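A.B. asks: Dropping the structure in here first, questions after.
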Amino acid sequence: MSKDDREKFLADVHVGVIAVERPDRAPLSVPIWYGYEPGGEVLLWTEEATVKHRLIRDAGRFAITAQDEAPPYRYVTAEGDVTSIGPAVDADVRGLAIRYLGEEEGNTFTDENLTPTSIAIRMRPLRWLSADYTDG
């Protein structure tokens, strides 16, 4: 895929799968909602007490994969360094919930799940892998 195609694909709605290193075990790999706009940063929303937050904080980097799960297959993996970890704010995470659940359910989800211990994690993609089997 071209750079533009990769960025557009990652910006589409997919359940992402993040991978982050962890000592003495295989990397942690878990599904997650994410936000991304071409040229920008990947945004994750999680809770402070989660394993993924602790591992990302300690590693300072992670990778995320988005994929089409039906033929013709396509995927994009982006990896990079964390640019910020801090309290999640409504303006960021409400849009994330609406992206996945729609307006009404996204607003309800945010109202019920945004807590003082919610964390926003941002990563700027530095390295990419991708495949697109739609042409083959």
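Okay, so the sequence shown: first residue is 210 according to the numbering used here, each after it adds one.
No residue lacks a Cβ here, since even glycine has one placed at the ideal position from N, Cα and C.
All of these numbers come straight from a predicted model, not from anything done at the bench.
1. Give me the Cα-Cα distance between Pro281 and Asp214, rounded to the nearest whole angstrom.
2. Within 10 angstroms of its Cβ, does Pro236 collect 16 or more other Cβ (buried), or is it exposed?
3. Assuming Ala300 contacts Thr319 (C-beta within less than 8 angstroms), just tell me the rounded distance between them.
4. When you measure from the CB of Val260 to every non-hydrogen atom of the ligand MN, does any distance come out below 7 angstroms?
5. Assuming Glu278 and Thr326 make a contact with CB atoms under 8 angstroms, what is their CB distance in whole Å?
6. Name the residue from Ala228, Val298, Arg308 whose alpha carbon lies nearest to the alpha carbon of Ile328.
7. Could you tell me whether the stretch 262-278 touches the stretch 306-317, using the rule of 3 or more Cβ pairs below 8 angstroms?
8. Rounded to whole angstroms, what is the Cα-Cα separation between Gly315 and Arg231?
9. Name the DSSP beta bridge partners of Pro296, please?
10. Which residue marks the beginning of the beta strand (DSSP E) containing Asp341, and which one marks its end?
11. Distance check for Val260 and Trp337, CA to CA, integer angstroms please.
12. Three-state secondary structure (DSSP) at Val302?
13. With DSSP run on the structure shown, which of helix, strand or coil describes Thr259?
14. With DSSP as the reference, please indicate the residues paired to Val224 in a beta bridge.
C.D. replies: Concretely, from the data shown:
1. Taking the straight line joining both Cα atoms gives about 15 angstroms.
2. Exposed, because fewer than 16 other Cβ atoms sit within 10 Å of the Cβ of Pro236.
3. Rounded to the nearest angstrom, the Cβ distance from Ala300 to Thr319 is 10 angstroms, too far for a contact under 8 angstroms.
4. Looking at this structure, you won't find the ligand MN or any other ligand, since it has none at all.
5. The C-beta distance from Glu278 to Thr326 rounds to 32 angstroms, too long to fall under 8 angstroms, and the pair is not in contact.
6. Considering only alpha carbons, the answer is Val298.
7. Cβ pair count under 8 angstroms is below three, so no.
8. Their backbone Cα atoms lie some 32 angstroms apart in a straight line.
9. Beta-bridge pairing links Pro296 to Ile328.
10. Boundaries of the beta strand (DSSP E) around Asp341: 336-341.
11. Approximately 25 angstroms, taken between the alpha carbons.
12. Val302: helix per DSSP, three-state reduction.
13. Judged by DSSP in its simplified three-state form, Thr259 adopts coil rather than helix or strand.
14. Bridge partners of Val224 according to DSSP: none are assigned.
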